[in-house]
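Protein chains in written order, with the working numbering: chain A, 40 to 173; chain B, 40 to 173; chain C, 31 to 130; chain D, 31 to 130; chain E, 950 to 1079; chain F, 950 to 1079. Beta carbons: idealized from backbone N, C-alpha and C, even for Gly.
Written as structure tokens, this is what we have:
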């Protein structure tokens, strides 16, 4: 069976609702299926990737470290929408630095996050077979 | 015990979510408690009052006729925010005509809906003892 | 490849509709369902945005528009479909993105 | 009488914050909680709106701001409270309106 | 001061129940009284006794149940909302002919009048929702 | 054509499950196949057998259960989401030491892999949520 293009579209902030966490759980399970996987972070979804999340006082589990493990699962196409960051007063420096190791280039460490414009991301989205929305 | 001012703040459109329906259920039960009751319709809440709702095809119960019964429950302070109507391209003519009968004036029929500006409604809200939000 | 976008939120309370328009490329279709149908009505900012989105087809789920009492407020140029029409739109496009 | 307003939605996805500002009269307090805390951060349109809302006190729930990793982005003039401070704000005002 | 709390959303999906719980704990710690916590809409789902969240996560229904036990809190689940969504205590389950029920200890099912009464009897009502 | 459906919200609170149901019926009527309906997030609450909605209202969990029976639909409830929210079939309830369970006929509990498989095996996946 041919590999399909799966895009996980993340548009919700973490902790206020569970979508971000349960979306990540699908990504981790889905990684075992050897499909062509992309993650898109749009709108408030970009807040899922902020550095320095500390959740003790709200009584929830901090799941943000899991994003940095995605590279180990061969999930390394992580699209972050430029306009969404700018609208929120954020830059890439406010987000975690996510990397993966490229087997084909002697395990060279490469950036997983691709900062793209809305228009560029729209092109990537239009090429998907499956868009999973949460 | 002194009568308290209760305001039911309705900000959600009907059918897409259950808040409008279940809010109305509270209003009907609450009417038996002889408190000073107001309803505010703000934002998408104004859509709760549109005329001509026909819900057969979506499989849900049309609960909009219940609003016209509120007058019989002595619920007759129904504030509709002017700015919210205008932003949506609606006028009072698009809404149900809600009335009540004034016992003190020989059961004269009077309008229940009070079209008010955001600023006027803010003043009314500030006088409440209890704001119930759905 | 062509994409079917669905929007189920009011354009007056949520940014989902605006975000969707940013992703709706030429040749794609935007289907308004549930509380998203309010964007299909006349005399407001959503109607203007739809008019300006050239190259994109707009459709609205009739049952949801009827339920909300706004059939007579339908803006020009928006196709009304029933659930069968919704199914057809899904079949006719290559994939579906739901702007929840 | 004074009103405590709470907002628990992001100002970038929902209109709740804007609507709340329209109802926040002089002497009232707006408390940002849950996803509402994003309005308390710098460098965006929400920060400008807060700056322009003179006569209104703004507070943010610290635990929610920390959880979201944005303590260092807190805009000027917004008071940080913990859950005890939230309780105190409720007690100090005559009633509470939650902009859900 | 006497507080009441209304919760409109179920556990986990939204933060509403978490925030309400932290608020309730802080209010009790500060010496306030909580007259009632009223679970409405999907909020009724906080009353389940069948939840088994992951071990490294909080158990929201259990937290409420324990807080109730420690502080003699009145946790009221709206019956109309509960029936729609499948929350049943043992008596209601019997009445409906079900062999199973799912209401946790510390919660009781009652009518919407309990919410209005909470508004009348309390100095403040705070609503948590989505 | 082969469809799959994902439902992210519970019954009644949001229209998601209603719309998905109408969509599924229309798809079947038009001769399409539905490979799977996957209930995720609060969507797992659609699988309850304990709901008793008002008599003049639709019974959403029952509608799904009946549609499943008539069309041999595969209704899958995510186990991780279900455990958080207190949805239990009889086997899982026994494993967890509960005397009660609440999963309706026609639904089965399984893992998230079933959602990915649905995406792989189907021509289209449509997500309904809030």
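Determine the direct distance from the alpha carbon of residue j to that of residue i, and round the result to whole angstroms.
i	j	result
residue 1022 of chain E	residue 129 of chain C	40 Å
residue 119 of chain B	residue 62 of chain B	16 Å
residue 108 of chain B	residue 974 of chain E	41 Å
residue 1034 of chain F	residue 981 of chain E	30 Å
residue 1052 of chain E	residue 1036 of chain E	6 Å
residue 120 of chain C	residue 58 of chain C	11 Å
residue 140 of chain B	residue 1063 of chain F	59 Å
residue 1056 of chain F	residue 969 of chain E	33 Å
residue 51 of chain D	residue 114 of chain A	41 Å
residue 164 of chain B	residue 32 of chain C	48 Å
residue 1054 of chain E	residue 81 of chain D	47 Å
residue 971 of chain F	residue 955 of chain F	14 Å
How is residue i classed by DSSP in three states: helix, strand or coil?
i	result
residue 961 of chain F	coil
residue 102 of chain C	helix
residue 1002 of chain E	coil
residue 129 of chain D	strand
residue 1013 of chain E	helix
residue 46 of chain D	helix
residue 967 of chain E	helix
residue 118 of chain B	strand
residue 119 of chain C	helix
residue 162 of chain A	helix
residue 83 of chain C	coil
residue 41 of chain D	coil
residue 156 of chain B	coil
residue 1022 of chain F	coil
residue 95 of chain D	helix
residue 105 of chain B	helix
residue 953 of chain F	strand
Applying the criterion that 16 or more other CB atoms from any shown protein chain within 10 Å of the CB defines a buried residue, is residue i buried or exposed?
i	result
residue 1044 of chain F	exposed
residue 1060 of chain F	exposed
residue 993 of chain F	buried
residue 136 of chain A	exposed
residue 74 of chain D	buried
residue 43 of chain C	buried
residue 146 of chain B	exposed
residue 1079 of chain E	buried
residue 66 of chain A	buried
residue 107 of chain C	exposed
residue 995 of chain E	buried
residue 966 of chain F	buried
residue 979 of chain E	exposed
residue 928 of chain E	Shown here, chain E extends from 950 to 1079; a query on residue 928 of chain E therefore has no answer.
residue 89 of chain A	buried
Taking only beta-carbon positions, decide if residue i is within less than 9 Å of chain E.
i	result
residue 113 of chain D	yes
residue 86 of chain B	no
residue 83 of chain B	no
residue 78 of chain B	no
Are the C-beta atoms of residue i and some chain C residue less than 9 Å apart?
i	result
residue 44 of chain D	yes
residue 99 of chain B	yes
residue 143 of chain A	no
residue 107 of chain B	no
Say whether chain B places a C-beta atom closer than 9 Å to the C-beta of residue i.
i	result
residue 89 of chain C	no
residue 33 of chain D	yes
residue 1007 of chain F	yes
residue 1048 of chain E	no
Verify the CB distance criterion: does residue i have a CB-CB separation below 9 Å to chain A?
i	result
residue 989 of chain E	no
residue 986 of chain F	no
residue 118 of chain D	no
Determine, using beta carbons only, whether residue i comes closer than 9 Å to chain D.
i	result
residue 126 of chain A	yes
residue 957 of chain E	yes
residue 110 of chain A	no
At a cut-off of 8 Å, would you count residue i as near the ligand NAP, judging by its Cβ distance to the nearest heavy atom?
i	result
residue 1039 of chain F	The ligand NAP is absent from the structure shown, which contains no ligand whatsoever.
*With contact counted as at least three CB pairs below 8 Å, one residue from each stretch, are the segment 95-102 of chain B and the segment 1005-1019 of chain F in contact?*
The segment 95-102 of chain B vs the segment 1005-1019 of chain F: in contact.
*asked:* With three or more beta-carbon pairs closer than 8 Å as the criterion, would you say the segment 112-130 of chain D touches the segment 1055-1075 of chain E?
replied: yes
_With three or more C-beta pairs closer than 8 Å as the rule, is the segment 116-133 of chain A touching the segment 82-89 of chain A?_
Contact between the segment 82-89 of chain A and the segment 116-133 of chain A is present, because at least three Cβ pairs lie under 8 Å.
_Between the segment 954-966 of chain E and the segment 1007-1017 of chain E, can you find at least three pairs of beta-carbon atoms closer than 8 Å?_
yes
*Could you tell me whether the segment 94-112 of chain C touches the segment 66-84 of chain C, where touching means 3 or more Cβ pairs closer than 8 Å?*
In short, these stretches touch, since the Cβ pair count reaches three.
*Using 8 Å as the threshold, is the segment 50-62 of chain A in touch with the segment 44-52 of chain B, meaning 3 or more CB pairs across them?*
no
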